[in-house]
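Have a look at the structure below before the remarks.
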Amino acid sequence: MAQGQDARTADLSMDPAALHLEEIFTDRRVGTIRRLTPVNAQGEADRSKPMTYTGETQVVTPVGALPIAFEIEASSLEEAAKKFGGLAKEAIERTMRELQEMRRQAASSLVIPQGGLPPSGAVPGGVPGGGKIQMP
Numbered sequence: 069m070a071q072g073q074d075a076r077t078a079d080l081s082m083d084p085a086a087l088h089l090e091e092i093f094t095d096r097r098v099g100t101i102r103r104l105t106p107v108n109a110q111g112e113a114d115r116s117k118p119m120t121y122t123g124e125t126q127v128v129t130p131v132g133a134l135p136i137a138f139e140i141e142a143s144s145l146e147e148a149a150k151k152f153g154g155l156a157k158e159a160i161e162r163t164m165r166e167l168q169e170m171r172r173q174a175a176s177s178l179v180i181p182q183g184g185l186p187p188s189g190a191v192p193g194g195v196p197g198g199g200k201i202q203m204p
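Just so we're aligned, residue 69 is where the sequence shown starts under my numbering, counting upward by one.
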């Protein structure tokens with residue numbers, strides 16, 4: 069486990085050529101749009117690289133709020149805002165399908181110890197055995 073932590077923390081240096089200014093916009097109703105503007109090491113906008121937009125919303129589940137994030141391909145904030153609803157709906161539907169698949173996999177991965185029943189009289193008192201899970 070210590071080896072895994074070392075691999076994650078081995079290089080914590082920031083790349084000055086990959087810096088972005090992050091701005092957050094919200095309608096205070098359905099979510100937020102993050103605009104990442106590439107900047108140079110002095111913090112000035114780098115117009116040679118494209119801006120990136122991401123949308124964020126959340127759905128309420130029985131165990132609490134589930135954040136949903138998705139990329140928005142847009143050339144302006146207005147375009148990103150117009151695309152937000154449709155992309156958010158797709159991201160929510162995709163997340164719900166993934167959750168259902170995870171639930172299905174978890175339900176089908178129930179492991180029942182094998183061993184069968186011992187020969188007659190092998191268990192003191194005649195109690196059947198062979199596994200830790202017993203049916204009444």
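Note that the Cβ used here is the ideal one computed from N, Cα and C, for glycine as well.
- Per DSSP, the beta-bridge partners of Thr94 are Thr100.
- In this chain, Glu112 is not harboured by any alpha helix (DSSP H), its DSSP state being neither H nor E.
- Close CB contacts of Ile92 within its chain, under the 7 Å cut and outside five residues either way in sequence, are with Thr100, Arg102 (chain order).
- Around His88, the same chain offers Leu104, Thr105, Pro106, Val107, Thr120 as residues with beta carbons nearer than 8 Å, after the five sequence neighbours per side are excluded.
- Residue pairing of Ala137 in beta bridges, as defined by DSSP: Glu124.
- Less than 8 Å separates the beta-carbon of Gly123 from that of Ile140.
- Cβ contact annotation for Ile160 (same chain, cutoff 8 Å, sequence separation greater than five): Thr125, Val127, Ile136, in chain order.
- Ranked by Cα distance from Glu112, the first of Arg96, Arg97, Glu90, Thr94 is Glu90.
- The Cβ atoms of Phe138 and Ala156 lie closer than 8 Å to each other.
- In the structure shown, the three-state DSSP call for Leu80 is coil.
- Taking a 10 Å sphere around the C-beta of Ala175, we find fewer than 16 other C-beta atoms and assign the residue as exposed.
- Less than 8 Å separates the beta-carbon of Ala109 from that of Pro84.
- In the DSSP secondary-structure assignment, Leu89 is bridged to Thr105.
- Spatial neighbours of Thr163 in its own chain (CB-CB distance under 8 Å, excluding positions within 5 residues in sequence) are listed in chain order as Val127, Leu134, Ile136.
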